[in-house]
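Okay, so the sequence shown: first residue is 3 according to this note's numbering, each after it adds one. Note that beta-carbon positions come from the ideal geometry of N, C-alpha and C, so glycine has one too. Step one of this worksheet: look at the structure below.
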Amino acid sequence: MVRPEARAAGVRRAGPFRLDGDLPLYAVYSLAAAGLIALVIFDLSSPLALNDDWMYAWSVQQLVTGHGLRVFPESTALALPQVVWGALFSLGHPDPRLLRLSVVPVVALTGWISFVLARRLGADRFWSAVAGTTLLAMPLFMTNATSFMTDNVFVGIVMAVALTSLAWVGDGRWRWLCVALLVLAPLERQVGLALIPAVTLGLACWKRRAWERADTAALIATWVLPVVAVAAAGRLVISRPLYAPADLFQLHVGHAVFPLAAMLGLGLIPYGAALALRPRMRGRENAWSVAWTAVGVVGAIGCLVDLAQFGMIFPGNVFSPLGFTAILAGSKPPIVPGLIFQAVEVAAIVTFVMLLIVRRRWWTPSVLRRDGALLALLSIAQFLPLVAVQVFIYDRYFLPVIAPLVPLIAAIATATPRQRVARIWATAALAGGLAMYGVGEQDYLAWQAARDQAARLAYQSTPRDQVQAGFEANGVYVELPRYERTGQADLFAILGPSHPTVTLRFAGPSDPRSGVPYGSLAPGKIVLDR
Numbered sequence: 003m004v005r006p007e008a009r010a011a012g013v014r015r016a017g018p019f020r021l022d023g024d025l026p027l028y029a030v031y032s033l034a035a036a037g038l039i040a041l042v043i044f045d046l047s048s049p050l051a052l053n054d055d056w057m058y059a060w061s062v063q064q065l066v067t068g069h070g071l072r073v074f075p076e077s078t079a080l081a082l083p084q085v086v087w088g089a090l091f092s093l094g095h096p097d098p099r100l101l102r103l104s105v106v107p108v109v110a111l112t113g114w115i116s117f118v119l120a121r122r123l124g125a126d127r128f129w130s131a132v133a134g135t136t137l138l139a140m141p142l143f144m145t146n147a148t149s150f151m152t153d154n155v156f157v158g159i160v161m162a163v164a165l166t167s168l169a170w171v172g173d174g175r176w177r178w179l180c181v182a183l184l185v186l187a188p189l190e191r192q193v194g195l196a197l198i199p200a201v202t203l204g205l206a207c208w209k210r211r212a213w214e215r216a217d218t219a220a221l222i223a224t225w226v227l228p229v230v231a232v233a234a235a236g237r238l239v240i241s242r243p244l245y246a247p248a249d250l251f252q253l254h255v256g257h258a259v260f261p262l263a264a265m266l267g268l269g270l271i272p273y274g275a276a277l278a279l280r281p282r283m284r285g286r287e288n289a290w291s292v293a294w295t296a297v298g299v300v301g302a303i304g305c306l307v308d309l310a311q312f313g314m315i316f317p318g319n320v321f322s323p324l325g326f327t328a329i330l331a332g333s334k335p336p337i338v339p340g341l342i343f344q345a346v347e348v349a350a351i352v353t354f355v356m357l358l359i360v361r362r363r364w365w366t367p368s369v370l371r372r373d374g375a376l377l378a379l380l381s382i383a384q385f386l387p388l389v390a391v392q393v394f395i396y397d398r399y400f401l402p403v404i405a406p407l408v409p410l411i412a413a414i415a416t417a418t419p420r421q422r423v424a425r426i427w428a429t430a431a432l433a434g435g436l437a438m439y440g441v442g443e444q445d446y447l448a449w450q451a452a453r454d455q456a457a458r459l460a461y462q463s464t465p466r467d468q469v470q471a472g473f474e475a476n477g478v479y480v481e482l483p484r485y486e487r488t489g490q491a492d493l494f495a496i497l498g499p500s501h502p503t504v505t506l507r508f509a510g511p512s513d514p515r516s517g518v519p520y521g522s523l524a525p526g527k528i529v530l531d532r
């Protein structure tokens with residue numbers, strides 16, 4: 003049995019504060035609060051559009067100025083729920099800082115849902131708190147939260163689908179709320195359509211004996227409404243898209259399986275000690291355990307392949323030793339020391355090996371039970387579309403795969419015998435992840451500000467379309483104004499000029515070339531390379 007037996011609740015008098023029991027719990031709560039506070043501070047610290055913010059901010063601007071819902075042609079995600087929410091939250095003033103702040107309630111809600119789901123699965127209060135804090139202390143999740151990109155909003159919708167679908171399958175509650183969320187999911191990111199068969203399979207497996215007429219109506223709506231909504235949105239809000247579905251999707255299994263080990267392990271590092279200390283299950287191997295072992299072995303091999311090809315096991319482009327989304331040309335001083343980053347890689351691999359190879363017998367429907375199996379189905383449903391991604395696959399694409407597993411692993415951790423060691427590891431891992439986010443985000447915002455200043459410096463002497471100023475500057479200062487003038491988008495933000503006169507590059511702080519320095523724990527300079 004993976005999760006502990008449910009215990010009857012009883013009324014008891016509040017006892018004195020216990021150092022061994024209460025302190026770790028309140029430490030985790032404090033880390034969650036610190037993560038949210040840091041997120042707000044970083045959101046407000048820069049008026050610049052970060053990463054893909056400029057595309058979605060443009061959509062909000064179109065909405066609040068009366069042009070309706072429109073998607074920038076370069077965007078692969080519809081992002082309609084967050085565009086509407088961003089317009090409402092910012093009160094019609096789509097400043098990048100306000101739009102980033104609109105993501106904070108979604109992040110908080112995601113953490114709360116993880117806590118609630120962990121409690122539902124039988125986790126104690128400490129491990130439920132860890133479940134609620136896991137994503138809030140994950141550098142990859144939090145640096146994406148410090149933006150107006152679609153990843154975190156989509157993860158929040160996925161977790162809301164998880165909560166409502168468990169209630170629907172369990173006792174028939176919230177079925178129509180679940181349907182509404184299943185409509186919103188693909189309107190945020192089209193891969194949300196993959197949630198529909200997962201929920202349907204859950205209903206078929208565990209709701210048949212208590213089936214009601216309302217379930218039939220809701221199930222039909224589940225299959226019809228999201229598809230109609232996405233088809234209508236694709237026709238009405240996207241004009242002249244740059245990507246055709248055939249350009250984006252083509253079966254490529256290794257493309258997604260190879261990074262799986264590293265990414266699942268990275269997201270579940272706080273549970274590594276609990277997984278290692280949990281006793282093995284007795285019994286024989288079965289088809290499920292053999293299948294998961296095969297996935298684990300392929301994933302481990304993939305880590306070696308990625309390490310040989312790219313020098314790290316994570317697929318990028320957000321999380322790397324150089325810093326967050328450090329995709330500008332040149333040589334950036336790394337913000338994460340090599341030994342620390344390698345320790346994170348080792349912890350991620352060990353956690354994954356414990357999860358799918360050593361503890362492979364846990365991953366059967368009879369052991370996971372209904373709620374755990376449904377969460378696993380939702381996670382798998384978000385992984386499978388990744389095997390068809392042809393153009394690019396980034397580390398942040400694995401966040402919806404990781405998130406539904408967090409409450410399940412928290413329930414598993416509750417039954418670990420050596421709780422003291424497991425809890426110390428979990429708390430330390432959360433604190434380490436939060437510290438890495440703080441250091442990395444300050445560095446990211448510092449060099450982004452320097453990059454913007456360097457771009458404007460280059461524009462003083464060189465036409466803008468002859469400067470390779472990086473993705474954000476290329477988009478904000480060249481592609482977006484050009485699109486508004488001509489109605490044509492041309493991927494200039496990504497590609498830049500064919501033969502640039504000036505190229506912005508990372509360099510060390512003492513580089514003699516002209517440019518703009520920036521300060522962080524790994525200071526550097528954005529130089530103008532002519």
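Classify residue i as helix, strand or coil using the three-state DSSP reduction.
i                : result
isoleucine 1     : This structure cannot speak to residue 1, because the chain is shown only from 3 to 532.
leucine 505      : Sequence inspection shows threonine at residue 505; the leucine mentioned does not correspond to that position. Here threonine 505 sits in strand by DSSP.
valine 441       : helix
tyrosine 396     : coil
glycine 510      : coil
proline 519      : strand
valine 469       : strand
arginine 9       : Note on arginine 9: pLDDT 40, under 50, position unreliable in the model; the coordinate value appears next. If DSSP states are grouped into helix, strand and coil, arginine 9 belongs with coil.
tryptophan 213   : coil
methionine 151   : coil
glutamate 287    : coil
tryptophan 87    : helix
valine 318       : The question names valine, yet the displayed sequence has glycine at residue 318. Note: glycine 318 maps to coil in three-state DSSP.
alanine 457      : helix
valine 105       : coil
threonine 166    : helix
glutamine 344    : helix
phenylalanine 42 : Sequence check: residue 42 is valine here, not phenylalanine. Helix at valine 42.
methionine 140   : coil
Where residue i and residue j are concerned, what is the direct C-alpha to C-alpha distance, given to the nearest angstrom?
i              : j                 : result
leucine 82     : alanine 451       : 28 Å
proline 228    : leucine 221       : 11 Å
tryptophan 208 : alanine 263       : 30 Å
glycine 526    : serine 512        : 8 Å
arginine 284   : phenylalanine 354 : 21 Å
glutamine 384  : alanine 231       : 19 Å
tyrosine 273   : leucine 195       : 30 Å
methionine 3   : arginine 280      : With a pLDDT of 41 at methionine 3, under the threshold of 50, the predicted position of this residue should be treated as unreliable, though the coordinate-derived value follows. Approximately 12 Å between the Cα atoms of the pair.
arginine 466   : glycine 332       : 20 Å
valine 73      : glutamine 63      : 11 Å
glutamate 474  : alanine 457       : 10 Å
leucine 33     : alanine 349       : 20 Å
alanine 275    : glutamine 462     : 55 Å
valine 201     : alanine 417       : 28 Å
arginine 538   : glycine 304       : Residue 538 is absent from the model: the chain starts at 3 and stops at 532.
Please identify the residue among the options whose C-alpha is closest to the C-alpha of residue i.
i                 : options                        : result
methionine 265    : Leu401, Pro49, Pro281          : Leu401
alanine 147       : Thr503, Gln192, Leu100, Cys180 : Leu100
serine 368        : Ala378, Ile359, Gly236         : Ala378
glutamine 455     : Ala35, Pro26, Leu50, Ala40     : Leu50
leucine 137       : Ala89, Trp290, Leu407          : Leu407
alanine 29        : Val108, Arg122, Asp492, Val132 : Val132
glutamine 490     : Trp213, Pro75, Met314, Asn53   : Pro75
methionine 161    : Phe508, Ser48, Gly134, Arg237  : Gly134
glycine 440       : Ser522, Val423, Arg458         : Ser522
tryptophan 170    : Gln192, Ala139, Asn154, Ala212 : Ala212
phenylalanine 316 : Val346, Val300, Trp427         : Val346
leucine 123       : Ser47, Gly374, Ala417          : Gly374
alanine 424       : Arg361, Leu238, Ala278         : Ala278
methionine 140    : Asp397, Ala460, Thr416         : Asp397
glycine 442       : Phe321, Ala431, Ile404, Thr505 : Phe321
tryptophan 60     : Ser77, Ser48, Val105, Ile404   : Ser77
leucine 506       : Leu482, Arg484, Trp449         : Trp449
leucine 376       : Val469, Gly172, Ile329         : Gly172
serine 381        : Phe508, Phe326, Gly37, Val163  : Val163
valine 259        : Glu214, Leu306, Ile39          : Leu306
tryptophan 290    : Trp225, Gly236, Arg363, Gly267 : Arg363
Any idea which residues DSSP pairs residue i with across the strands?
i             : result
aspartate 332 : Per the sequence shown, residue 332 should be read as glycine rather than aspartate. Answer is Phe508.
Is the segment 134-148 in contact with the segment 177-188, if contact means three or more CB pairs nearer than 8 Å?
no
Would you call the segment 408-419 and the segment 113-122 touching, i.e. three or more CB-CB distances under 8 Å?
Yes, since at least three Cβ pairs between the segment 408-419 and the segment 113-122 fall closer than 8 Å, the two stretches touch.
At least 3 beta-carbon pairs within less than 8 Å: the segment 291-304 vs the segment 357-368:
Judged by Cβ distances under 8 Å, the segment 291-304 makes contact with the segment 357-368, as three or more pairs qualify.
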